[in-house]
Every structure is written in structure tokens, then in C-alpha cells.
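Here the structure comes first, spelled out in C-alpha cells, and everything after it is commentary.
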Amino acid sequence: MSASTLPTIDLSLWRTGDRRSRERLAAAVDGALERAGFLLVTGHGVPPGLPAAIRAAARMFFHQPVDAKLPFLAQAGQYGWRGPGAVATGRAEGLVTPPDLLETWSVAPGPYDDTAALPAGAGPVGSGLLPETWPSQPQALRPLLALYARSMRALADELLELLAAALRRPLDFFTRHTTRPDWTLTLNWYPAVTTAGAPRPGQFRVGPHTDFGTITVLDRQPGKGGLQIHTEDGGWQDAPYDPEALTVNIGDLMARWTGDRWRSGRHRVPAPPADAPSEELMSLVYFYDCDPYTVVESLPAPIGRVSHSPVTARAYVRSKVAEIALP
């Protein structure tokens, strides 16, 4: 399978199709995740115009001078703004590179209350989101991200049901472990060369890596310095782009869970070429894990192919995040 042959899965057919249609979709998912770890997904139900509204609000924040963003600097293990030089993602593969060429704004659920699978205080203005401190301008950023996070949470659980069907497991095989899940919604801002300066040798917008959790849902923009994915057949290739589709890939926890039946999707974002000095992109990345103390154990044969040692979800993901953080 090459990047150009990734299947597009229409989730509306999963919701409304007959048994045979759903089985065909599940089989397509199984094959794609086995060979590349990536899918394109349409019929996802994200409100039209929401990603564009988020990008417009976030761009107002990112375009501010550094001094205006420093009050929102994420501390170790926390959420908020991270500026240039914060991560070198290729370190997850043992690759020594200069820091990644991006800035980020990350949010996560606040502490869950005792009676519901919602962050305590979650409401229409997103009061259940971390970080606790948000910029006063743009005011729209917080409620927009709260709405997007709710859409992503519902979508991620639906995708996990489809993945369970692809493995011929009960539909709640994964979602029984997402009652109060860990997740992170991150805005990746890739500034233009005219803003960030020329890339250093070996520098990426995001270095080569696989994600760490169960699934990742990506709303991205195409560009000369855009997403590339790696397959055994095609090597590194530009990821296919469909403005109506979201890009979905599985991470290390899901690969371990399936006993390496499915491949953790390897990808990178190269630095923009010299002939695109003004290219500025922004990606909306939703990293979905599971309940933090879930013990992830490999499915046995004939589904699984490799038996990994059990890991605890949150501990595993945090150990991998620590590998890419720069002092």
C-alpha cells in the first residue's frame, strides 16, 4: 500500500448501512491499518466551518509577539502554549535533530467529576478544559476548542467501535476503557520561513515518529511542507489530501493492543522548501488515549502476531512524551 491508495471510509455508511456494508467497511479498515496505519474518514459529523473558525482565532494568538504569549507558557506536564525549541519529535525514534519548527497550543480535560464522564465544570464556555489560564484575546478560542473537543470525543469513540468490528471483537471492546479517558487537543502552528527563519540542516516541522496513544484524528492543510507518511511499499510520500476528510492514524498503544496486527502510523512534517518561504500551515490534532490506568495487553493469535509486555496507558504515553521534550 502506498500513500496514494489509502482508503476513504465514509462513517455515514457505518451508521446507516446494512450488515454487509458494515462488514466491507470493517475489512477495509483492517487492511489499511495492517499495511499503513492510516485512513481518510468522511461523514465524520464535525460542524462545517468549525476548523476554519478555530484557525482564524488561533492565528490571532500565534501571531502575537513572544512577550504576549509568555504568560501562557506550558510548564512541565501542563497545557497551554509551547514556543519554538520545545520538542524534537524525532527523538522518539532515536533521531538527533534540531528542535521542531512549530509552536503549539494544547488543551486537555480537567479533572473528571464523580458522577459523569465529563470534566468537572464542563459547560458551553469550555470551563472543563485545561489550561486554567487562557488569553483574553481572542475570546473565541476557548469555546471553539471546547466544541471541537466534544465533537472529537464522540468521533473517536465511534472510530473505536469500528476498529473493534474490524478485529471481530464486541463493539465496546475499546470503548469500555474510555469512560474518563486521557486526550489532548493540540494546535500545531507551522510559521512561514519569513517568520521562523531558514530551516537548519536536518530540521523538520515535526520529526519522524509514530504517535503514542490509541488513535489520532487530524484536520490538516495541504502544503509543500505538509504531512508525509511512510509505508513499506512507497517509503516517504506526501499524504493524500481531501478537504472533506479527516486523517486518522493509530498509535503505539493500539498497535500493542492488536499484537502488531496493525501498524502504528509513521509520519513526519518536513520543513518548507526554499521556494515556499511564505507558507504557513496549521493542524488540529486530537490525540485519544483511554482511561489512564487501563492495562493494555496484546491480543493473542490469530489476531495478534507479537506479544508485547503489558503497559499502563497513561504511564506509557507520558514516558514517550518525555522522550521528545527539550530542556
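In UniProt numbering, the protein residues as written are 1 to 327.
Built from N, CA and C at the ideal position, the CB exists for glycine as well.
Predicted model, so just to flag it, every value in this text is computed and none were measured.
Would residue i and residue j be called neighbours here (beta carbons separated by less than 7 Å)?
| i | j | result |
| --- | --- | --- |
| Arg-220 | Ser-283 | yes |
| Ala-86 | Thr-97 | no |
| Ile-324 | His-267 | no |
| Arg-180 | Tyr-112 | yes |
| Leu-185 | Ala-149 | yes |
| Val-107 | Met-152 | no |
| Asp-260 | Val-306 | yes |
| Val-317 | Phe-212 | yes |
Expressed to the nearest angstrom, what Euclidean distance is found between the alpha-carbon atoms of residue i and residue j?
| i | j | result |
| --- | --- | --- |
| Trp-14 | Asp-242 | 19 Å |
| Thr-8 | Val-29 | 9 Å |
| Leu-95 | Gln-139 | 39 Å |
| Ser-309 | Asp-172 | 23 Å |
| Leu-33 | Thr-195 | 37 Å |
| Leu-144 | Lys-320 | 29 Å |
| residue 408 | Asp-10 | Lying before the first or after the last residue shown, residue 408 is absent from the chain, which here runs from 1 to 327. |
| Thr-5 | Ser-136 | 44 Å |
| Thr-294 | Pro-272 | 39 Å |
| Arg-314 | Pro-240 | 31 Å |
| Thr-214 | Asp-291 | 11 Å |
| Thr-42 | Glu-161 | 16 Å |
| Gly-225 | Val-269 | 6 Å |
| Val-125 | Ile-54 | Reliability fails at Val-125, whose pLDDT of 44 lies under 50, so the model's placement of it is uncertain and no value is given. |
| Thr-231 | Leu-163 | 20 Å |
| Ala-57 | Arg-142 | 9 Å |
| Pro-84 | Leu-73 | 11 Å |
| Thr-133 | Pro-302 | 49 Å |
| Val-311 | Ala-274 | 43 Å |
Taking residue i as part of the beta strand (DSSP E), name the residues at either end of that continuous run.
| i | result |
| --- | --- |
| Arg-314 | It is not in any beta strand (DSSP E) - Arg-314 instead sits in the alpha helix (DSSP H) that spans 313-324. |
| Ile-215 | 215-219 |
| Val-87 | That residue, Val-87, is in no beta strand (DSSP E); it is neither H nor E in DSSP. |
| Tyr-286 | 281-288 |
| Ile-250 | 246-250 |
Kindly list the residues whose CB is nearer than 6 Å to the CB of residue i, restricted to its own chain and excluding five residues on each side of it in sequence; keep chain order.
| i | result |
| --- | --- |
| Pro-131 | Tyr-79, Gly-80 |
| Trp-105 | Trp-81, Leu-187 |
| Lys-69 | Trp-81 |
| Ala-165 | Ala-26 |
Using a Cβ-Cβ cut-off of 7 Å (strictly less than) and excluding sequence neighbours within five positions of residue i, which residues of its own chain qualify?
| i | result |
| --- | --- |
| Ala-192 | Pro-277, Ser-278, Glu-279, Glu-280 |
| Thr-16 | none |
| Asp-100 | Val-87, Ala-88, Thr-89, Phe-204, Arg-205, Val-206, Gly-207 |
| His-44 | Leu-11, Leu-155, Leu-246 |
| Phe-62 | Glu-103, Trp-189 |
Assuming residue i contacts residue j (C-beta within less than 8 Å), just tell me the rounded distance between them.
| i | j | result |
| --- | --- | --- |
| Gly-263 | Ala-36 | Residue identity check: residue 263 is Arg in the sequence provided, not Gly. Their Cβ separation, rounded to whole angstroms, is 6 Å, which keeps Arg-263 and Ala-36 in contact under 8 Å. |
| Ala-146 | Leu-129 | 6 Å |
| Leu-50 | Asn-188 | That belief does not hold up - the Cβ atoms of Leu-50 and Asn-188 are roughly 17 Å apart, past 8 Å. |
| Trp-183 | Asp-252 | Between Asp-252 and Trp-183 the Cβ distance is about 15 Å, and since that is not below 8 Å, they are no contact. |
| Leu-159 | Val-248 | 6 Å |
| His-209 | Ala-92 | 4 Å |
Just to check, is the beta-carbon of residue i closer than 6 Å to a non-hydrogen atom of the ligand HEM?
| i | result |
| --- | --- |
| Ala-255 | The ligand HEM is absent from the structure shown, which contains no ligand whatsoever. |
Under DSSP, the alpha helix (DSSP H) around residue i begins and ends at which residues?
| i | result |
| --- | --- |
| Gly-31 | 19-35 |
| residue 328 | What the structure shows of the chain is the stretch from 1 to 327, and residue 328 is not part of that stretch, so it cannot be assessed. |
Looking only at its chain, what residues have a beta carbon closer than 8 Å to the beta carbon of residue i, apart from the 5 residues adjacent to it on each side?
| i | result |
| --- | --- |
| Trp-236 | Gln-228, Ile-229, His-230, Arg-268 |
| residue 394 | Outside the shown range of the chain, which is 1 to 327, sits residue 394, and nothing can be said about it. |
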